[in-house]
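Chains as they are written, first to last, in this note's numbering: chain P, 205 to 476; chain Z, 182 to 464; chain S, 3 to 290. Cβ coordinates follow ideal geometry from the N, Cα and C atoms, glycine included.
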Amino acid sequence: MKIRRGWKWFILPMVAALLVATFLLVGCSSGSLGTITENGSTTVQPLAEKLAGAFKAKNPDVNVVIQGGGSAVGIKSVNDGTVDIGAASRELTAADPTLVKHLLARDGIAIIVHPSNPVTGLTKEQIIGIFAGNISNWSQVGGQNKSIDVVAREEGSGTRTAFQDLVMGKALIKSDAILQNSNGFLKTAVSSDSQAIGFISMGLVDSSVKALAINGVAATEENAKNGTYPVVRPLYFLTKTQPTGIVKDFIDFCTGPDGQKIVAEEGYITVE
Amino acid sequence: MPKMSAKSTQTLAKIFIWGSGFITVLILFLIIGYVLARGLPQLSLSFLFSAPQGGTSGEGGISTAIVSTIYIVMLTIAILIIPGIGAAIYLSEYAKDNWLTRIIRYGVDTLAGVPSIVFGLFGFVIFVTALQFRFSILSGALTLVCLLLPTLIRTSEEAIKAVPRSHREAALALGSTKWQAIWHVVLPAAMPGIATGIILCIGRIVGETACLYVTMGGSSAMPTSLLSGGRTLSLHLFYLATETNAMSKAMATAAVVIIVILVINTIINWLTHRFQARMYGGA
Amino acid sequence: MSRYFIDRNAKYLVLVCASTSFIILAAIAIFILKEALPAFQHVGFIHLLFGTTWRPTMGGFGILPMIVGSLAVTLGAMILAIPLGLGCAVLLAEVAPHRIRQFLRPAVEILVGIPSVVYGLVGMLLIVPLIREIGGTGYSVAAGALVLTAMVLPTIISISEDSIRAVPRRYKEGALALGATHWQTIWHVLIPAARSGITAGIILGMGRAIGEAMAMIMVTGNAVQIPNSPLDPTRTLAGGIAVEINYASGLHENALFAIGVVLFILILAINSIAILAIRRGRHAQDVC
């Protein structure tokens, strides 16, 4: 009987070819001037990726790596020295380590409902009541006679912490609220449920949801910018010390006119 | 109620049985159909070959995810082969029925049941943090190796056991040592089965999310080295659905993943048929 | 290097390879326990396992609701998947003509390969709105159970089918010779004969269900509460880890590892039972 070695000799060249092809592809984009690493807030992540792409287009020798992980991870990593830049979507508190803050943009947090919901605005007290579970029917706030489905972000999310601090204050979000672990999933939850209410980054609002006015102030970029809209949080790039070299270049780019143009395009509020 | 006749019980039972099969196939078609229906329209060559641009609208394509996936698949398989096939050789050729073998088998069988997220935690503690590999393709690959070891061991052991005794006996009769018989005769004969196992592992890598979510970081950039972070296709799909407005792009990525899985399954089935034909057709 | 040298030492090399699985298993146990220890120490065993409030930012680390959540979705999935899976297995093993089998078996195998994110996504976009029509928000135990059913079904089907096929022919022939109908043979003879393998398959599926993370965080609603009805949202143990692992630090992180320990022990227990069931079954069948 023939003892065939055919398989070994088939797989090996294929693997080698694949290896070569991949290294060729990968070798094309190398950062010979250096690499900037960033991680942190998932709200900031898409914006940071856009900024990184634009920066790389102008500086092809620099590699910028954007990762996620959440505001808490960003703060911790940049403090530990694991990354160059940590992104946070909330104000730093006394519990956080001291870091250098670079304001990237401001982001309103929009209270969103399903587009078919007749309610167009709520007072802050009503919002607190709804999210804390005291108000449980839309009819109690001028809507239809349906129960309110509360959707929130998970504990530890920068967006949730900002919402907690800026809106809820001492009141706690009710324990049986639906929790989604990202802006995107929260938006999906609200856009498919006519009885839902939730909160997402204002930059992510589109026609699939409706943003409510708070205390009569509409949730627009204008109002967030001029300070009349009450729920606005900062988006920070954090560094351990004053940045130098390519990190400084990148941050200057982001806070400068080119970067701010992208900030505006993405739906966030620019900083002066 | 009068007792049903055996015949009518049988008819009812058969209806239920056929119904179960029908429902199973329905589930399959529903999932694949939905994903392909929403995702295929978005697919194009530029989608496959351009990099993701980031941003809240999720522009760009999935080229970096494809490269990261290929990278991690190759790294994982390269590391996995020796311990995996080695263990299979031990279990089928050398192991005696003693306490040592029982411990080893217990290890393999139990490891197979550990959930992916626990592997993720483990990889995070050891590879990302303790060994300082950080969020990288390397950390992800090493975690995957731990996850997939039992799978490769099981399929390889079956493949090796399926080689007829006559092969080994013929080699030994010709004067070879035990290892020579294994290396030059048994292994090559078992190669199709082992290849099937390897391809099965590739399929699982492409689809794996939970353990890579915690060990690879979420970077959508093109990986430049083994220590860069990255996203596999499944992870990219998750991030698209999570962070951006581009659900259709997420679906398109899902479509790509499903097509890859279908291709892999077809290859496995073809290999298995050839393997069986050779085994039962040959000496 | 003489071939005798290689031969003598090859034995030890492959032994080392074979031990890696056990070493990894032990390492997982040790390291996860190590990271979880601070949580057990500071929060206390009782509060952790039996507390009902999970608010990590305020010091609440009770995981009982998540334990109940995991059990609830798994139970729901098993109730649906066992009859469906057995039915389909019987179909494949006994009833279906060869052509149908050639089509059905690969279909089942494809279901195994579909990634959990895809299951979760389809669940989120198709199943959740459907359940919303019945009541509640749609994100619910029921949604989780349905998605898990789809994920666990192929495992139960393939292992059960193999077990039924492995039953010696003389059992079936004996029953038929005595005048039993096909179905009577299947129900009274074949399935009981294959029961150890079927049980093993079911337990394996159950283990997979409890360990599933990504799909569950997309469809169960992640609310940490003990569900009062299948339409209530809940959070599973594995989902609980995945949802917060990226944000957690300090004691919160330790608490998540503690959940990992609980999950690990649960799976260990389930798998040990499965292994025992397979071994017992093998002995029982050898006797006949």
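Cutoff 8 Å: P/Gly312 Cβ touching any chain S Cβ
Looking up residue 312 of chain P in the first sequence gives position 108. No - not a single Cβ of chain S is within 8 Å of the one on P/Gly312.
Checklist entry - Quick one: what's got a C-beta closer than 7 Å to S/Val97's C-beta in the same chain, skipping five residues either side? => result Locating residue 97 of chain S in the third sequence gives position 95, where the first residue counts as 1. There are no such residues.
Open item on the list: Does chain Z have any CB closer than 8 Å to the CB of P/Ser234?
Closed with: Your numbering for residue 234 of chain P matches position 30 in the first sequence. Bear in mind that the predicted position of P/Ser234 carries a pLDDT of just 46, short of 50, making it unreliable; the figure below should be weighed with that in mind. For P/Ser234, the answer is yes, since a Cβ of chain Z falls inside 8 Å of its Cβ.
TODO: At 7 Å on the CB atoms, spell out the chain Z contacts of P/Ile450, in chain order.
DONE: Start at 1 with the first residue of the first sequence, and residue 450 of chain P comes out as number 246. Simply none; closest approach about 15 Å.
List the whole-angstrom C-beta distance separating Z/Pro404 from Z/Gly411, where the pair is believed to meet the contact cut-off of C-beta under 8 Å.
Residue 404 of chain Z sits at position 223 when you count from the first residue of the second sequence. Residue 411 of chain Z sits at position 230 when you count from the first residue of the second sequence. Their Cβ separation, rounded to whole angstroms, is 4 Å, which keeps Z/Pro404 and Z/Gly411 in contact under 8 Å.
Q) Are the C-beta of P/Ala335 and some C-beta of chain S separated by less than 8 Å? A) Stepping through the first sequence from its first residue, residue 335 of chain P is reached at position 131. A small fix is needed here, since residue 335 of chain P is Phe in this sequence, not Ala. Not one chain S Cβ lies under 8 Å of P/Phe335.
ask   = Which ranges does the beta strand (DSSP E) cover as unbroken runs of at least 3 residues, wholly within the stretch 179-241 of chain S, from first to last along the chain?
value = none
| Just the Cα atoms here: how many angstroms apart are S/Arg103 and S/Cys90? | Taking the third sequence and counting its residues from 1, the one referred to as residue 103 of chain S is at position 101. Taking the third sequence and counting its residues from 1, the one referred to as residue 90 of chain S is at position 88. Near 11 Å, if we compare the C-alpha coordinates of S/Cys90 and S/Arg103.
Exercise for review: Identify the contact partners of S/Pro67 in chain Z, using a Cβ-Cβ distance below 9 Å as the criterion.
Suggested key: Translated into positions along the third sequence, residue 67 of chain S becomes position 65. In chain order: nothing, as chain Z lies at least about 18 Å away.
Out of S/Ile204, S/Met68, S/Pro40 and S/Ala95, which one is the CA nearest neighbour of S/Leu82? Residue mapping note: residue 82 of chain S aligns to position 80 of the third sequence, counting from 1. The candidate whose alpha carbon is nearest that of S/Leu82 is S/Ile204.
Rounded to whole angstroms, how far is the Cβ of Z/Val387 from the Cβ of Z/Leu414, which I believe are closer than 8 Å? Counted from its first residue, the second sequence places residue 387 of chain Z at position 206. Counted from its first residue, the second sequence places residue 414 of chain Z at position 233. Right, the Cβ-Cβ distance comes to about 6 Å (below 8 Å), so this counts as a contact.
First and last residue of the uninterrupted alpha helix (DSSP H) at P/Ala366
Locating residue 366 of chain P in the first sequence gives position 162, where the first residue counts as 1. First-last of the alpha helix (DSSP H) with P/Ala366: Gly362 to Phe367.
Please name the residues in the stretch 231-253 of chain S whose beta-carbon is closer than 7 Å to at least one beta-carbon of chain P, in chain order.
Pro235, Val245, Glu246, Asn248, Tyr249, Ala250 and Ser251
May I ask which residues mark the beginning and end of the alpha helix (DSSP H) holding S/His49? The sequence position of residue 49 of chain S within the third sequence is 47, counting from 1. First-last of the alpha helix (DSSP H) with S/His49: Phe47 to Phe52.
Check your understanding: How long is the line joining the alpha carbons of Z/Arg286 and S/Leu27, rounded to whole angstroms?
Key -> Taking the second sequence and counting its residues from 1, the one referred to as residue 286 of chain Z is at position 105. Taking the third sequence and counting its residues from 1, the one referred to as residue 27 of chain S is at position 25. Approximately 12 Å between the Cα atoms of the pair.
### Task
Compare the Cα-Cα distances from P/Ala400 to each of P/Lys260, P/Gly407, P/Glu476 and P/Val413 and report the closest residue.
As a first step, residue 400 of chain P is located in the first sequence; it is residue number 196 there, counting from the start. Among P/Lys260, P/Gly407, P/Glu476 and P/Val413, the Cα nearest to that of P/Ala400 belongs to P/Val413.
Query - Residues, ordered as in the chain, of the stretch 265-284 of chain P that lie near chain S by beta-carbon distance below 8 Å - result: Gly272, Gly273, Gly274, Ser275, Ala276, Val277 and Lys280
message: Using CA atoms only, rank isn't needed, just tell me which of P/Gln384, P/Thr286 and P/Leu370 is closest to P/Val436.
response: Taking the first residue of the first sequence as 1, we reach residue 436 of chain P at position 232. P/Val436 has its Cα closest to that of P/Leu370, out of P/Gln384, P/Thr286 and P/Leu370.
Only counting the same chain, and skipping five residues up and downstream in sequence, which positions put a Cβ closer than 8 Å to that of Z/Thr380? On the second sequence, residue 380 of chain Z is found 199 positions in, with the first residue counted as 1. Position check: residue 380 of chain Z holds Ile in this sequence, whereas Thr was assumed. Ile445, Ile448, Ile449 and Leu452, listed in sequence order.
inquiry  = Can you tell me which residues form a DSSP beta bridge with Z/Pro168?
reply    = Any answer about residue 168 of chain Z is impossible in this case: the structure gives chain Z only from 182 up to 464.
Check: Is P/Thr327 helix, strand or coil when you go by DSSP?
Finding: Here residue 327 of chain P refers to the residue found at position 123 when the first sequence is read from its first residue. In the structure shown, P/Thr327 sits in coil (DSSP, three-state: anything other than H, G, I, E or B).
- [ ] Using 10 angstroms around the beta-carbon of S/Tyr14, count the other beta-carbons present and answer buried if the total reaches 16, otherwise exposed.
- [x] Within the third sequence, numbered from 1, the residue matching residue 14 of chain S stands at position 12. Exposed is the call here.
Helix, strand or coil for Z/Gly463 per DSSP? The sequence position of residue 463 of chain Z within the second sequence is 282, counting from 1. With a pLDDT of only 44 at Z/Gly463, under the threshold of 50, the placement of this residue in the model should not be trusted; the figure read from the coordinates follows. Z/Gly463 falls in the coil class under three-state DSSP.
Measure from the alpha carbon of Z/Glu240 to the alpha carbon of each residue in Z/Ile247, Z/Ala232 and Z/Ala246, then state which is nearest.
Taking the first residue of the second sequence as position 1, residue 240 of chain Z is located at position 59. Checked all of Z/Ile247, Z/Ala232 and Z/Ala246; the closest Cα to Z/Glu240 is Z/Ala232.
With 8 Å as the threshold, decide whether the Cβ of P/Asp410 is near any Cβ in chain S.
Locating residue 410 of chain P in the first sequence gives position 206, counting from the first residue. Not an interface residue.
Any C-beta of chain S under 8 Å from that of P/Leu296:
Residue 296 of chain P sits at position 92 when you count from the first residue of the first sequence. No, its Cβ sits nowhere closer than 8 Å to a Cβ of chain S.
Of the choices Z/Gln191, Z/Ala246, Z/Arg455 and Z/Thr291, whose alpha-carbon is the least far from that of Z/Thr377? Residue numbering aside, residue 377 of chain Z sits at position 196 when the second sequence is read from its first letter. Nearest option by C-alpha distance: Z/Arg455.
Out of curiosity, what's the CA-to-CA distance linking S/Thr139 and Z/Arg283? Counting from one through the third sequence, the residue named residue 139 of chain S turns up at place 137. Counting from one through the second sequence, the residue named residue 283 of chain Z turns up at place 102. Approximately 49 Å, taken between the alpha carbons.
query = At a CB-CB cut-off below 8 Å, which residues of chain P make contact with S/Asn224?
reply = Reading the third sequence from its first residue, position 222 is the one you call residue 224 of chain S. In chain order: Glu358, Ile382, Leu383, Gln384 and Asn385.
Write down the C-beta distance between P/Gly290 and P/Asn243 rounded to the nearest angstrom, noting that I regard them as a contact closer than 8 Å. Within the first sequence, residue 290 of chain P is the residue found at index 86, counting from 1. Within the first sequence, residue 243 of chain P is the residue found at index 39, counting from 1. Right, the Cβ-Cβ distance comes to about 7 Å (below 8 Å), so this counts as a contact.
query = For Z/Ser231, which residues in chain P fall below 9 Å Cβ to Cβ?
reply = Working through the second sequence from its first residue, we reach residue 231 of chain Z at position 50. Per Cβ cutoff of 9 Å: no residues; Z/Ser231 is ~11 Å from chain P at best.
Given this structure, state the Cα-to-Cα distance separating Z/Leu272 from Z/Ala362, to the nearest angstrom.
Here residue 272 of chain Z refers to the residue found at position 91 when the second sequence is read from its first residue. Here residue 362 of chain Z refers to the residue found at position 181 when the second sequence is read from its first residue. For Z/Leu272 and Z/Ala362, the distance between alpha carbons rounds to 16 Å.
When the distance is taken between beta carbons, is S/Val110 closer than 8 Å to Z/Thr205? Here residue 205 of chain Z corresponds to residue number 24 of the second sequence, with the count starting at 1. Here residue 110 of chain S corresponds to residue number 108 of the third sequence, with the count starting at 1. Yes, the pair counts as a contact, with Cβ atoms nearer than the cut-off.
- If you draw a straight line from the C-alpha of P/Met205 to the C-alpha of Z/Arg346, how long is it? One-based indexing of the first sequence puts residue 205 of chain P at position 1. One-based indexing of the second sequence puts residue 346 of chain Z at position 165. Bear in mind that a pLDDT of 40 at P/Met205, under 50, signals an unreliable position, so the model cannot answer this.
task = Using beta-carbon positions only, say whether S/Arg172 and S/Pro67 come within less than 8 Å of one another.
result = By one-based count along the third sequence, residue 172 of chain S stands at place 170. By one-based count along the third sequence, residue 67 of chain S stands at place 65. Against a cut-off of 8 Å, the Cβ pair of S/Pro67 and S/Arg172 comes out as no contact.
By how many angstroms is the C-alpha of S/Ser198 removed from the C-alpha of S/Arg282?
-> By 1-based counting over the third sequence, the position of residue 282 of chain S is 280. By 1-based counting over the third sequence, the position of residue 198 of chain S is 196. Between S/Arg282 and S/Ser198, the C-alpha separation is close to 8 Å.
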